[in-house]
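When the letters of the sequence shown are read in order and numbered with this note's numbering, they come out as residues 1365 to 1713.
Yeah, the Cβ is synthetic: ideal placement off N, Cα and C, and Gly gets one too.
Heads up, the thing below is written out as structure tokens.
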Amino acid sequence: MDHRGTGRSTLLDCVAAQATTTGSPWGSGIDTAEVPACAQALEKKYGNLSSFSMTSAAMDMATFISDYSNGADTVVYAVSYGTALVERLIHLDPPEVTGYVLDGVATSSGTSKEFEYFSTWDADFGDVGDAFLALCATQSECGGQFVSNSLPVTLQNVITQFDNDAKSTCAALLSDVSSEPASYILRRVLGSLLQSTKLRTLIPPIVYRLNRCASNDVEILTHFFTNLNKYLSTNDVYDGDYDESLAALVTGSSSSIAGFVTTVSKENATYKAAFIVFLVLFVATLALAGLFAFRWLKLKRENERNRATDDLPDDIEISTPPEVEATSPELTTAFSTQRSKEARRTAAY
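Given below as structure tokens:
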């Protein structure tokens, strides 16, 4: 269920004011200069926007829980902005809810000045990015590619170069993606990759290629940024899974980054090969087990037949039947035979 004013719940956009469009300065985002016109357009369309407030969204949650929980006890789990929304839900006190879990609290109630507000998002995110970039020097696979300058220094040099020469070859690649300055776009791209545990490993090779900016680098980076822009400019952010869509677009280019990054496609190929080997061994084991079971049953039946034969007494008296004796007197002499243990053993073999 999408929050009011987002996604499929009456998305609040400013297309009528020529904002949040592909031709606007910030694309799907809103520039500060666009806010007045956007607000006027929304007010003209919807009137009082209080129906899109956080309180209204919290009432949606309470109604949803009441209508669809079938009276069962409900525990609400909230993350980030969701903690502020759920704080409002707590005020509504829906009877079906028996507990709340707040993870990554973003509400400002009773917080200190050091609280991580959304207004400090970029600075806080930058600290995480700096820590990640510093890890490159601790790993030979990464640090070995940045001999003259470390990864953080190289990235800063690229950003400075883009700001000083916006028409340089690799800066132009990013300028084709958006009307923002190339250095801004680069920061946004790297920030998006940093949030994925799989895709953040692409940050060092991207910085490396942007810094070198050779002809083969331009080809690979063009492919990467073009497809990335298609993803970021999609009309519906729920059209596909974030990781999978980006992983698919970088598969073709990342194969050229020799010895620099383990790509998602190689990881998947390894897992697939391991699974196939396991499957073959499993089938072979089942086949051998079936063969041994068949041989065991066959030997068991043969032993049972042999035991049935060995149950005969050692001394067997064999006489001529009366009807034969009457017609053939020459066969009237009775005879007996003694079966020896050796004979039985021979017969068994």
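Go ahead and pull the three-state DSSP assignment for residue i.
i     : result
V1465 : strand
T1438 : strand
V1511 : coil
H1367 : coil
T1649 : helix
D1600 : Residue placement at D1600 cannot be trusted, given a pLDDT of 46 that sits under 50; the coordinates are not used to answer.
C1506 : helix
L1661 : helix
T1374 : coil
A1481 : It is worth fixing the name first, because residue 1481 is Tyr in this sequence and not Ala. Coil at Y1481, not helix or strand.
R1703 : Because the pLDDT of R1703 is 45, which lies under 50, any placement of that residue in the model is unreliable, and the number read from its coordinates should be weighed accordingly. Of the three classes helix, strand and coil, the one that applies to R1703 here is coil, per DSSP.
E1668 : helix
P1459 : coil
A1501 : helix
D1527 : helix
Should residue i and residue j be called a contact, given that it needs their Cβ atoms to be closer than 7 Å?
i     : j     : result
P1458 : I1429 : yes
E1546 : S1556 : First, the amino acid is wrong: residue 1546 is Ala here, not Glu. For A1546 and S1556, no; Cβs fall outside 7 Å.
D1437 : T1396 : no
V1522 : N1575 : yes
L1466 : A1422 : no
L1645 : P1568 : no
L1537 : T1586 : yes
Q1509 : Y1410 : no
G1371 : F1416 : no
L1558 : G1493 : yes
G1468 : V1440 : no
R1452 : T1484 : no
Using a Cβ-Cβ cut-off of 8 Å (strictly less than) and excluding sequence neighbours within five positions of residue i, which residues of its own chain qualify?
i     : result
E1407 : L1413
L1456 : A1422, M1423 and A1426
T1533 : C1577 and V1582
G1435 : E1460
Which first and last residues belong to the alpha helix (DSSP H) in which residue i is found?
i     : result
C1534 : T1533 to S1539
K1409 : V1399 to Y1410
V1492 : W1485 to A1498
T1565 : That residue, T1565, is in no alpha helix (DSSP H); it is neither H nor E in DSSP.
A1546 : A1546 to L1558
L1456 : Y1445 to L1456
I1394 : Per DSSP, I1394 belongs to no alpha helix (DSSP H) and is neither H nor E.
T1419 : M1418 to Y1432
Go through its chain and collect everything with a Cβ distance to residue i's Cβ below 7 Å, but skip five positions before and after it.
i     : result
Y1445 : A1470
T1502 : none
K1636 : none
I1454 : Y1464
L1376 : G1369, L1406 and F1416
V1553 : L1592
G1654 : none
Excluding the 5 residues preceding and the 5 following residue i in the sequence, name in chain order all residues of the same chain whose CB lies nearer than 6 Å to its CB.
i     : result
H1367 : A1421
F1526 : A1535, A1546 and S1547
C1500 : C1506, G1507, L1515 and P1568
L1497 : L1515 and P1516
L1519 : V1571
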